[in-house]
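Enquirer:
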Amino acid sequence: MSPEQVELVRDSLRAMGPRLDAVADDFYGRVFAHHPELRAMFPAELAGQREKFAEELQTIVAAIPDLDGFLARARLLGARHGGYGVRAAHYRLFRDLLLESFAAELGEAWTEARASAWRGAYDMVSEAMMMGTTRARQPSLFRR
Ligand code: HEM
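Start counting the sequence shown at 1; every next residue gets the next number (the UniProt record's numbering).
(1) Cα-Cα, which of Gly-17, Pro-36, Asp-11, Asp-21 is closest to Leu-93?
(2) Check whether the Cβ of Arg-30 lies closer than 8 Å to any Cβ atom in chain C.
(3) With a cut-off of 8 Å on the beta carbons, I'd call Ala-113 and Leu-8 a contact; round off their distance for me.
(4) Assuming Ser-132 contacts Leu-97 (C-beta within less than 8 Å), just tell me the rounded distance between them.
(5) I need the straight-line Cα distance from Arg-119 to Met-41, nearest angstrom please.
(6) Let me know the secondary structure DSSP gives Met-129 once reduced to three states.
(7) So does Met-129 have its beta carbon nearer than 7 Å to some heavy atom of the ligand HEM?
(8) Ordered along the chain, which non-local residues of its own chain (more than five positions away) have a Cβ less than 7 Å from that of residue 153?
(9) Less than 8 Å between the C-beta atoms of Tyr-28 and Leu-57, yes or no?
(10) As a quick exercise: from Glu-55, Pro-3, Ala-24, pick the residue whose alpha carbon is nearest that of Ala-103.
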């Protein structure tokens, strides 16, 4: 990603900063309204998810300027997500609903440039995580 795109991702997250809890509530609301079957993947008490949501976004923002440094961690994070039951289609779904929540929060400040920078950042990070999922699910490939 270009330094400009990295900055677009960072500054849109900063712009939502004070309202991130509300964005988290909006996002999980969208996820469970569209896909109630995913509710069971998360703890019964959702209060802690607001912090996890902020952590997920921070993970993305921290990873994009230094993808090489992130890769080892991404594999472990992806392997844990495989254990949570997360599959490739879920990553796309999360991305699309995340961008909808950002658009709803930022209104006119949600520009196409910010949207495409976030899409690129999310895809880079989630692809790195999925490599971890594949590896975790096919250990025999590496034993032969
Ligand atoms: C780029 C995409 C994502 C990132 C960076 C990310 C990051 C994280 C992080 C940092 C945690 C904290 C716990 C841990 O480190 O294992 C977490 C937890 C979790 N994530 Fe993600 N995640 C992503 C996508 C997803 C998707 C697509 C799903 C499912 C549809 C998902 C479901 C979960 C669940 C179920 C937990 C554990 C919640 C709990 O038990 O409290 N994540 N994620």
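Don't be surprised by glycine CBs; every beta carbon is placed ideally from N, CA and C.
Expert: According to the structure data:
(1) The count along the sequence shown starts at 1 and reaches residue 93 at position 93. Considering only alpha carbons, the answer is Pro-36.
(2) Among the protein chains of the structure shown there is no chain C, as only one such chain exists.
(3) Here residue 113 refers to the residue found at position 113 of the sequence shown. Here residue 8 refers to the residue found at position 8 of the sequence shown. 6 Å between Cβ atoms; contact.
(4) By 1-based counting over the sequence shown, the position of residue 132 is 132. By 1-based counting over the sequence shown, the position of residue 97 is 97. In the sequence as presented, Ser is not what sits at residue 132; that position holds Gly. In fact, because the Cβ distance is near 22 Å, the residues do not count as touching under 8 Å.
(5) The sequence position of residue 119 within the sequence shown is 119, counting from 1. The sequence position of residue 41 within the sequence shown is 41, counting from 1. Using only the alpha carbons, I get a separation of about 24 Å.
(6) Translated into positions along the sequence shown, residue 129 becomes position 129. Met-129: helix per DSSP, three-state reduction.
(7) What you label residue 129 is simply residue 129 of the sequence shown in a count that begins at 1. The answer is yes for Met-129.
(8) The structure shown does not extend to residue 153, since the chain is modelled only from 1 through 144, so no value can be given for it.
(9) By 1-based counting over the sequence shown, the position of residue 28 is 28. By 1-based counting over the sequence shown, the position of residue 57 is 57. Not a contact, by the Cβ cut-off of 8 Å.
(10) As a working note, residue 103 is residue 103 in the sequence shown. Minimum Cα distance to Ala-103 is reached at Ala-24.
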